[in-house]
Amino acid sequence: AGGAARGDRLRAAFPTSGAKESLDPHTSSLFVDQARAKALFDTLVTYGDDMSVLPHLAESWEPDGTGTRWLIRLRGARFHDGRPVTAEDVLYSYRRIADPATSATAAKQFATVDFAASRARSATELEIVLSAPNFEFPSAWGAPGAEIVPAGSTDFRAPVGSGPFRFHDFHPGSSAVFTRFDGHWAGAPELAGLEFVPVNEESARVSALLSGQVHYAHDIGANAARRLEGDQRAQLLSAARSTMQAVAFKVDRPPFHDPRVLQAALLGVDRRALVDVALSGKGEVGNDLFGKGLRHYATEVGQRTRDVGRAAALLREAGADGLQFELLTSGADPYFEPAATLIAQQLGDVGLRATPRVRPSETYFSDIKDQGVAALTRTAALPVATFLEQRMIRGSGNNNYTRFQSPEFDALFSAALATADEAQRSRLLAEAQQMAHERSGLMVWGFSNWNVAVAPGVRGLRAAPPNSLDWARFDHAVLG
Amino acid sequence: MTEPILSARGLRATAGEHVLLDGIDLDLRPGTALAVIGRSGAGKTTLGWALQGESPPGIALSGEVRLHGTELLELTDGQRRGARAGTTSVLPQHPAAVLNPMRRIGKVLRELATLRHPRRAEQDEAVRGALATARLDPEPALLRRFPHQLSGGQQQRVALAQALITEPGIVILDEPTTGADTLTKSETADMLEDLAARGTALVLLTHDLPLARRLAHDTLVLHEGRIVESGPGTRPLHAPAHARSREILAAEPVLTADSGQARHRPDPVLRAEGLGHRAKDGAPLLTGVELAVRPGWCAAIVGPSGAGKTTLARCLAGLTRPDAGRVLLGEAELAPTARQRPREHRRQVQHVHQDARAAFDPHRPVIQQVARTAELLRNVPRGEALAEAEEALADLGMDPVQARRGPAGLSGGQLQRAAVARGLLAHPSVLICDEITSALDVINQSELFRALEAAKSTLDVGILLISHDFAAVSELADEVHLMQDGCLVESATPHELLTTPRSRTARALVAAAREHHQPPAERGDPQPR
Amino acid sequence: MKRVRAVIAWLLVGIPLGVAVLGPVLAGSTRSEAGPLMPPDGAHPLGTDVLGRDVLALVLTGGRTVVLLTGVALLLAYLVSVPIGLVLAGQSRRWVEETALHGLDVLLALPGLLVLLVLAATGRQGAVGLVAAVVVLQLPAIVRLTRSAAIAPGCRTVVESMVLQGEPWWRIHLLHTGRAVLGPVAVDAGSRLILVLQLMASANFLGLGLASSASDWAVLVERNREALFLQPLAVLVPAFLLVALCIGINVAIDRTVARREVVST
Amino acid sequence: MLKFALLRLSTGVLQIAAVAVAVHVLTSWLPGDTAVVVLGENATEQQVAALRHQLGLDEPPAQRFLDWIGGLLSGDLGTSLLTGRAVSDEIGRGLASTAVLAALALAVVLPLAALIGVSSGVRPGSRTDRALNAVIVALNAVPEFALGMVLVALFALQLGWLPATGAGLSGLSLADQPAVLVLPVTVLVCKQLCALTRQVRVGVAEATHAGYATHLRMLGLPERNVLLRHVLPNGCAPAVQQLARTVDGLLGGVVVVEALFGLDGVGSGFVDAVKARDLPVVQGYALVFVLTTVLVNIAADVAARRLVPQREVRA
Ligand SMILES: Nc1ncnc2c1ncn2[C@@H]1O[C@H](COP(=O)(O)OP(=O)(O)OP(=O)(O)O)[C@@H](O)[C@H]1O
Ligand SMILES: Nc1ncnc2c1ncn2[C@@H]1O[C@H](COP(=O)(O)OP(=O)(O)OP(=O)(O)O)[C@@H](O)[C@H]1O
Ligand SMILES: [Mg+2]
Ligand SMILES: [Mg+2]
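Protein chains in written order, with this note's numbering: chain A, 3 to 482; chain B, 33 to 561; chain C, 49 to 313; chain D, 89 to 403.
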């Protein structure tokens, strides 16, 4: 098929999940899945670096006044097999995503779509109807796992998409090879081919890059990044503030159901020191809110800083001096364990005895949904509203790790979604965030950078946070 | 006279304070046999090592040993080996210890044959030849056996075959005939005579005076590490000048069996009924053996090497599990293996192993190991047990100082006596003695017999004596059984056996024994033939 | 020359052991108070580790657990397994021996990782659990080794003499034969020490045994692995101490075994 | 012989069954199941329940075990919960690359261990002995990852002689690019050499003074023959067991090396399967492990019996 000259093929090393992989864009969960999906498929919209929505397959869109009916116009794109991308394909894709049987990653974001009422108006125009007003709905179209597949697709062993690269070869657990799709609507990529090479261990990715075996190494930790900074054989692309690093204190159970204990914990942590040590200084201090630097982030909320005296006083007041608890952590993120160690040490100063407890990484994020009282978590860049909806709102299926529940907050959030005016909506969301800042139990201590290393000759790649358009985007890459 | 090929001057061996050899001077010429005799512990084995420039660990050599003009003691291990290669070889006193337990004997013989013969066919030929020379039947099945599948005498002859297969110019033979029956012994003597006649120099370290008389061109008498007498031919053995030599000759047993008064036969303590045992490959080693051991009475078993004597002894002692039949102690049936026998049964049936060196733990002083028997089987407190052991060893002519050493520090004969003492300390009802005189000098031997006599009469011990030595048998035994191919074929009193042997085998064995004990005429300064 | 060699051998064991025993007294604070992976300077003579802790202080405090935990685990493992191996070798009943061996093979075939993960996940996470797991995982290998080393000495003639002498079974098969297998067993212990050290260090990262922030040498090495090229001292110093300990102990074992050999022949 | 074979076969079956049960129980004690792992962070409870049903995880564990055993009896290892492909395919690939690695490592370790073991065992305490010993102990004691990373930094990154990783290669394709294997095999060899060499060494040290060795030297057998035909085999009874452990270790204990060099093999495959709670695949690997262990142990036992022939006469 492609027959791309090997010299013109970019080899990108990603950690993968071994045999579990598939090329089904809707069920993919890892970064490598998303990167491959991005190469093979397109979404209606994509995210800018601040998670604002940018047109992609969709040329334009507009809501009605209530925010429940959206009209979308597609551009004239084609699938790899030459068929045009039509409104029916979009509807099919979204239906498939929303179908519980698919277990799609983005299912939640399409839960309020009324598919019976939604329809294709023409080949390039469709109308989506929601059961509740949502002026942030376009965010859903750019979410990871919201790719458009040809109507009727069920088998993704050799998938057909509309993305800049077409499928050439792939077996789960080994390399995926794609070739240039000359008919891509945004122009054909420069590269003749693209190969995703599975390399799980960070040091192996670094070695492979430094020795020229791959051109691109995804997911480089802070320490390895420091090593690469001084190395001529690699250029480091570091996207600031890409991942929120936090501790989720469960506020529905003792001891953190007591606001004073929670406050003490929040005040007892030295966020600066955490960033300096756990992130090697390669990150930014957090303010217990998700999304620093993103659209709708509540910049006006005052920065919380360490106050050992007040924290200790609060603890005494609550009669919880010397309180012991387990701080769950795991190897799921490289920053968890150093952070947990430091946090335990810092909380010790205010009279909270936290014991880091390592849990199996593979089930970590489902375990901490209801186990324990405090756990390290992290979230990659997402639109702020999406985050709030998934992590703060009461309701089944949410990953509300802190178990924060507040009718007030929910009302505020619904009101924000139902507000057409962008500025007004932003204000309401900020109010909700202010509330979360006080009570949600999420202690965001920092934002880590997202590092990618690229071979020196490679051009056309820039640092961008995961989930944004330019992250893992190879259609403009050129091998030097 | 030809030049000596091996000569020693002022050869001395010491183990710390102890002087094991002192000022040994000797010459060995091709085609001659040098007999070294001396009491047990005199240093014969040590001399055998020293003549090759070697010494057991812990023993230091000084002086000179020249092999074809090369001074051996000045060389490094490797050089010495090079100098010796193909020139000297040795038959050790304890062949079991020098046979690799994991290699089939044929393989090792062939390996040694390659030293002389590069071609396969020649090697096969050499192996066969060496076995025949050593009086072993060179059948393929034998070649495929492991050393433990051979009888004591067979092991000795395999070691002999190993020593001869490289066709060396000098062969050092340490007690070459101890494991052999009388017939084989005389055949071996013929063979050695022949070997010397063809130009090989022999060093014969032995207690067997008739053998020495038969072969020696030169004789040395060793006592406590010194040469007390030496002479050409067998003169020291006929006309001893030195008191020590005379002592030895005086104790030499003679093959007489006084018809004696037929003693009353007591009721047996130990009875074997229909005892049978097969080798793993199914070959019958023992078949239907019926035997009784009576208190205060000595039953001897004689027979050709490989007849199954040791196997029978082991079955009785519970060291080999018989496949058929049973062993009765009084009225009680004994468990088939010693492990299953209660302590009291173990006390009553004691066994002295054919290979004395292997029967001791190399890490503990011999005296302690001897005393353990009294301690464990008769519940004697440790101190008393040690005293008893010392006494028992002294009865057998052993110095308690020696017995406080580990087994490595004792000579073969010393260990053999310690092993007997160990068995006697149990005050057993039955003592099974498997070749207990093979390493003893004639004086020790008579001491040992006295001790056994005493045990017989005072402790009422029933003795089962397995021996190739008709002199010993005639002296000690009350009845003799002849064993052949795993069966007891003939029973008689010693007198009857020596005078009127019935079976062919018996006749042959007795004839060979008589011939052996017939002192040949003195030979003077012999001419190398 | 001989003296020098002995001194080197003892230094190899002595330095790590000395640091392990005396270090905690001399050590400063092991809190993270500086930047991570700083090169050596006045305040931190060996620099800092990934958690911004003083490497010198960590190294000084980190020997105790290594020595204790591995020591206890190894000791227990051999105390349990060697007698089992000897008993099996001394068995006259073949079926007992075979059954036990085949049962142990099952344990041997059981993936150790799975066992450790289960222990970690089911809350038996303390040092006791880890030591127990290590003992159980090492057991079959030691038993097999001991048994196979004991077979030949167990059927020597001297054993028969001892049986006839009425020596109790345990004296023959545990003491007498046990002495004969000491060489292989001691040698095995030397190499198993390394195995156990590394097994325990990696278990800590599965959430078993020590916390992954503990100032244990083996844990430090693992913890700082990504810093191998950034702040090599954080890896190399504890690794050096461990390597020295291993070499020292193995050399000591060799010397003792060699001495025994000379005595016994 | 036939009886022995049958007996061995039946115990082998029992052993496999025991391991299978143990693995099943152990895995079921791990938190979470495949559904949770597959769906990951953002799954809803309904989704998890649906997937569980779809995969049959809502059936009782005993029932699932019996199903698996039933399949096994008809030669079917089952299908992966994760990928829905046959377990034999899933593990086959990893097994192939591990087999290549392990075979190569073993091919290096065996002669090297014999060589070093003999040359240091004949003269224990000599300079060569001490030097060799310190080196192999040190190589073993240095953490695998450090050894690997230093080797990569030196030979791949600095000198450029060898590829740094096997990224993108797998299975038998490894054999086509032998250069890729040099560094991983080196690390494996360094790890496995120590224990075996030292057992050979101590065995040789003991056997070299044995009566038969001394005697054969006296008879003029060249030292080389004495060492290779008599001392080495006789000193090897414990080393044979150690060799068996080395084979086990090479098959199951290569996780770090595989990770370091980006190879996929049994080690990482097993870890992945456990992480995914993919029980059929875990069982598949366990089956591989138990089969190797049993086979390797039979071999070791037979060898050991051959090495101690006098055992047959023991009463
Ligand atoms: N390592 C040692 N330390 C002290 N004395 C020893 C040592 N080895 C042997 N001896 C003593 O040296 C003497 C000579 O022993 P050797 O084996 O040469 O005697 P032998 O003449 O062969 O005796 P036998 O006829 O009994 O075999 C013996 O008295 C023995 O006790
Ligand atoms: N395991 C075995 N397999 C086969 N044959 C064996 C085995 N053990 C012993 N034999 C044979 O059994 C026969 C009897 O051996 P045994 O040791 O009882 O002889 P013996 O009469 O004591 O001889 P010797 O006087 O030489 O000591 C010998 O021919 C020997 O080769
Ligand atoms: Mg002697
Ligand atoms: Mg015999």
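We put the CB at the ideal spot given by N, CA and C, even for glycine.
Should residue i be flagged as near chain D, meaning a C-beta pair shorter than 8 Å?
i	result
Gly144(A)	no
Arg11(A)	no
Pro468(A)	no
Glu328(A)	no
Arg340(C)	The shown model of chain C, from 49 to 313, leaves out residue 340(C), and the question about it has no answer.
Pro124(B)	yes
Would you say residue i touches ligand 2, meaning its beta carbon is less than 7 Å from a heavy atom?
i	result
Leu317(B)	yes
Leu182(B)	yes
Does any CB atom of chain C fall closer than 8 Å to the CB of residue i?
i	result
Ala226(A)	yes
Asp109(B)	no
Trp117(D)	yes
Thr379(A)	no
What do you reckon, is the C-beta of residue i under 7 Å from a heavy atom of ligand 3?
i	result
Gln386(B)	no
Ser443(B)	yes
Lys488(B)	no
Please name the residue, chosen from the options, that lies closest to residue i on a Cα-to-Cα basis.
i	options	result
Ser458(A)	Ala313(A), Trp447(A) and Leu481(A)	Reading off the sequence shown, one finds Pro at residue 458(A), where the question assumed Ser. Taking only the C-alpha atoms, the option nearest Pro458(A) is Leu481(A).
Leu66(B)	Arg267(B), Thr46(B) and Met134(B)	Arg267(B)
Arg113(B)	Leu309(D), Leu315(D) and Phe377(D)	Leu309(D)
Val303(A)	Gly462(A), Gln435(A) and Ser95(A)	Gln435(A)
Val369(D)	Lys91(D), Gly182(D), Leu339(D) and Val344(D)	Gly182(D)
Val163(C)	Ile63(C), Val183(C) and Val144(C)	Val183(C)
Quick one: is the Cβ of residue i within less than 7 Å of any heavy atom of ligand 1?
i	result
Leu463(B)	no
Lys139(B)	no
Asp473(B)	yes
Between residue i and chain B, is there a C-beta pair that is closer than 8 Å?
i	result
Arg214(C)	The amino acid occupying residue 214(C) in the given sequence is Gly; Arg does not appear at that position. Closer than 8 Å to some Cβ of chain B, the Cβ of Gly214(C) qualifies, so yes.
His150(C)	no
Leu309(D)	yes
Glu145(C)	no
CB of residue i to nearest heavy atom of ligand 4: below 7 Å?
i	result
Lys341(B)	yes
Using a C-beta cutoff of 8 Å, does residue i count as contacting chain A?
i	result
Gly372(D)	no
Gly83(C)	yes
Legend entry - Any alpha helix (DSSP H) of 4 or more consecutive residues that is wholly inside the region 411–451 of chain B: 414–427 and 432–435
Inset, instruction - Could you tell me whether the region 276–285 of chain D touches the region 233–242 of chain C, using the rule of 3 or more Cβ pairs below 8 Å? - result: yes
Inset, instruction - Flag this pair as touching only if the region 112–132 of chain C and the region 178–194 of chain C have three or more C-beta atom pairs under 8 Å; answer yes or no. - result: yes
Inset, instruction - Mind the definition here: the region 408–428 of chain A touches the region 208–226 of chain A only if three or more C-beta pairs lie below 8 Å; say whether that holds. - result: no
Inset, instruction - Quick one: which unbroken alpha helix (DSSP H) runs of 4-plus residues sit fully inside the region 156–198 of chain D? Chain order, please. - result: none
Legend entry - Secondary structure, alpha helix (DSSP H): runs of 4+ residues fully inside the region 105–191 of chain C: 119–137, 142–157 and 160–169
Inset, instruction - Evaluate contact between the region 88–107 of chain B and the region 160–172 of chain B, counting only Cβ atoms and requiring at least three cross-stretch pairs below 8 Å. - result: no
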